[in-house]
Amino acid sequence: MIKFFITLFFLIFTISSSFSNELKLTRNPDAICNNGEQASFTIKKAKSKKWAIILPGGGVARDADEYKSRSDGMKSPELKPHYFGQAIEKDVEDKNYNMVFIPYCSSDLYQGNHFNIVDGKEIPFKGRVIVNDVIDQLDEQLKKADEIMFLGYSAGAIGIGFHAERIGQYNNVRVLVDSFWFDEETTKFYENFEKNNDRSFIYKGSMEACNDSWVSCFPSRKNFEKNNIKDVFFIWNIGDRYADPIKDKLALKKAIKKDLEFYNAGFSIEADKRKISGFEDWGHVLAWDNKTYTKNYFDKSLQEAVNNWIDRKGNAVVVDYLLSDEKKAEINKKSKLFDGEYKFKLHRVSEDGKNKKIGNGKLEIKNGQLIFFIKASKLKTGSKEHYETAKIDINPNGELNGSIKLDVLSGKDRSEIYYFNGMLDDKIWGKSPDESFFKVYMQIKK
Numbered sequence: 004m005i006k007f008f009i010t011l012f013f014l015i016f017t018i019s020s021s022f023s024n025e026l027k028l029t030r031n032p033d034a035i036c037n038n039g040e041q042a043s044f045t046i047k048k049a050k051s052k053k054w055a056i057i058l059p060g061g062g063v064a065r066d067a068d069e070y071k072s073r074s075d076g077m078k079s080p081e082l083k084p085h086y087f088g089q090a091i092e093k094d095v096e097d098k099n100y101n102m103v104f105i106p107y108c109s110s111d112l113y114q115g116n117h118f119n120i121v122d123g124k125e126i127p128f129k130g131r132v133i134v135n136d137v138i139d140q141l142d143e144q145l146k147k148a149d150e151i152m153f154l155g156y157s158a159g160a161i162g163i164g165f166h167a168e169r170i171g172q173y174n175n176v177r178v179l180v181d182s183f184w185f186d187e188e189t190t191k192f193y194e195n196f197e198k199n200n201d202r203s204f205i206y207k208g209s210m211e212a213c214n215d216s217w218v219s220c221f222p223s224r225k226n227f228e229k230n231n232i233k234d235v236f237f238i239w240n241i242g243d244r245y246a247d248p249i250k251d252k253l254a255l256k257k258a259i260k261k262d263l264e265f266y267n268a269g270f271s272i273e274a275d276k277r278k279i280s281g282f283e284d285w286g287h288v289l290a291w292d293n294k295t296y297t298k299n300y301f302d303k304s305l306q307e308a309v310n311n312w313i314d315r316k317g318n319a320v321v322v323d324y325l326l327s328d329e330k331k332a333e334i335n336k337k338s339k340l341f342d343g344e345y346k347f348k349l350h351r352v353s354e355d356g357k358n359k360k361i362g363n364g365k366l367e368i369k370n371g372q373l374i375f376f377i378k379a380s381k382l383k384t385g386s387k388e389h390y391e392t393a394k395i396d397i398n399p400n401g402e403l404n405g406s407i408k409l410d411v412l413s414g415k416d417r418s419e420i421y422y423f424n425g426m427l428d429d430k431i432w433g434k435s436p437d438e439s440f441f442k443v444y445m446q447i448k449k
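First residue of the sequence shown: 4, per the numbering used here; consecutive thereafter.
Put into structure tokens, the structure is as follows:
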């Protein structure tokens, strides 16, 4: 009997752990972080043959001084498994992908395979080795995959470009890059920049692979086409600091739109004019920021466009410039479909199913946004001023996306951000990555 229970325990543990976030180490002795320790990565298995491999951003060390200014945490392996709860990551996870997260600890845009001397000490820059090691460990499963999606932002987007040759060897590959894209105009600028600026500190381990031009390895239509990567969603905004040097903005817009139309997928808006922040205050990295990912800046949110692309249905392009007057009028008309004043109720639901009304009041929908009337609203579990933190949009289909900061426990200040999603004529559910016991939902009626 004891043996039976021991066997049962290990069976339950094996089943539960097989679908949990697992921290693993690279195997190649050269696949190390800047501090010399073996790099780590997170894997979370799912019941499918679909894989999503994520490369996050984190700047770059272009010289010894920039390397020394980076924090120790950016030069060391992560010690805890990654939690896939951030904006696009959550959507992909919910679609039953096997999830992989490769932390950035090499300061080299994931492409280096060399050492640099910093203050007399030999420092490894082994990003290329780290990524290849992770792919090597997954190789057999990736060969049998129904779909492989590589996603990266900022430095991670560049890293995907530098690994395009390896990525393109697999079947059913798709790529999403956020906040780095070399359209024709951007490529021209950086090709000239490359001639006049020494970047050997970063790229000396990759120049052979890039035919002596690091520009050719950046994420671009030309690079991906050369490596048989045909399914691409890119995010590249007017106002992004890395696009700012291109002086002819009209030519830049035309070049970006040309690539959007080629892939029939992507997101590009005038982030500077709209004062969109993202990870930086100039429209840099939007798909990993819950606010910018769900907000409807135009005829649809980035989230809606991305999900249309992932699901291969619906329009997956958002571009808010170089449009016809007819298209502009159509979008303005759609954005006002639900304008008007409404009443709302807010409920808290615990894990055991207990339901409690915690708030109610009035709000207005105007130009696709929810605006709460603070004086005419109540919140039993905290200050009603929390309603002022609401950043919720409604698209022309009546779907709401956004967030509110809320207290859900009476008499205890433990406010968290709740992310809402749902249809206007149904319960609009809100979840918080910091609160697993309680969910909330909102009902809105005329």
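Ideal placement from N, C-alpha and C gives every residue a C-beta, glycine not left out.
Because the structure is a prediction, the values reported are computed rather than measured.
Asked: Beta-carbon gap between Ile397 and Gly364 smaller than 7 Å; Found: no
Asked: First through last residue of the beta strand (DSSP E) which encompasses Val137; Found: That residue, Val137, is in no beta strand (DSSP E); its alpha helix (DSSP H) goes 130-146.
Asked: Ala167 beta carbon less than 7 Å from that of Asn230; Found: yes
Asked: The beta strand (DSSP E) enclosing Arg177, as first and last residue numbers; Found: 176-181
Asked: Gly405 and Lys394 closer than 7 Å at C-beta; Found: yes
Asked: Gly208 classed as buried or exposed, judged by whether at least 16 other C-beta atoms fall within 10 angstroms; Found: buried
Asked: Ala379 (DSSP reduced to helix, strand or coil); Found: strand
Asked: Own chain partners of Gly171 with C-beta closer than 6 Å, once the 5 adjacent residues on each side are dropped; Found: Asn230, Asn231, Ile232
Asked: Reference Thr392, options Tyr266, Lys294, Glu143, Glu96, closest by Cα; Found: Lys294
Asked: Given 8 Å, three or more beta-carbon pairs between the region 261-281 and the region 199-206; Found: no
Asked: Ile151 vs Ala290 beta-carbon contact at 7 Å; Found: no
Asked: Local Cβ density within 10 Å of Met445, reported as buried at 16 or more and exposed below that; Found: buried
Asked: Leu511 classed as buried or exposed, judged by whether at least 16 other C-beta atoms fall within 10 angstroms; Found: For the chain, the structure presents residues 4 to 449; residue 511 sits outside this window and is missing.
Asked: Three CB pairs or more closer than 8 Å across the region 151-162 and the region 46-58; Found: yes
Asked: Burial state of Arg244 (16 or more Cβ within 10 Å); Found: exposed
Asked: Given Asp238 as reference, the closest of Lys250, Ser109, Val320, Phe165 once Cα atoms are compared; Found: The sequence given here has Ile at residue 238, not Asp. Of the candidates Lys250, Ser109, Val320, Phe165, the one whose C-alpha sits nearest the C-alpha of Ile238 is Val320.
Asked: Same chain only: Cβ atoms within 8 Å of Lys383, ignoring 5 sequence neighbours per side; Found: Lys360, Ile361, Gly362, Ser413
Asked: Alpha carbon of Ile420 to alpha carbon of Val443, nearest angstrom; Found: 11 Å
Asked: First and last residue of the uninterrupted alpha helix (DSSP H) at Ala254; Found: 252-266
Asked: Check whether Arg224 and Asp262 have beta carbons under 7 Å apart; Found: yes
Asked: CB contact flag (Asp342, Lys381, <7 Å); Found: no
Asked: Burial state of Arg131 (16 or more Cβ within 10 Å); Found: buried
Asked: Whole alpha helix (DSSP H) elements within the region 143-225, 4-residue minimum; Found: 158-165, 167-170, 187-199, 203-206
Asked: The beta strand (DSSP E) enclosing Trp312, as first and last residue numbers; Found: Not the beta strand (DSSP E): Trp312 falls in the alpha helix (DSSP H), residues 305-314.
Asked: CB of Val134 within 7 Å of CB of Tyr113, strictly; Found: yes
Asked: Glu273 - containing beta strand (DSSP E), residue span; Found: No beta strand (DSSP E) holds Glu273; DSSP gives it neither H nor E.
Asked: Start-end ranges of the beta strand (DSSP E) lying completely within the region 15-73, minimum 3 residues; Found: 24-28, 43-47, 53-58
Asked: Boundaries (first-last residue) of the alpha helix (DSSP H) holding Val95; Found: 91-97
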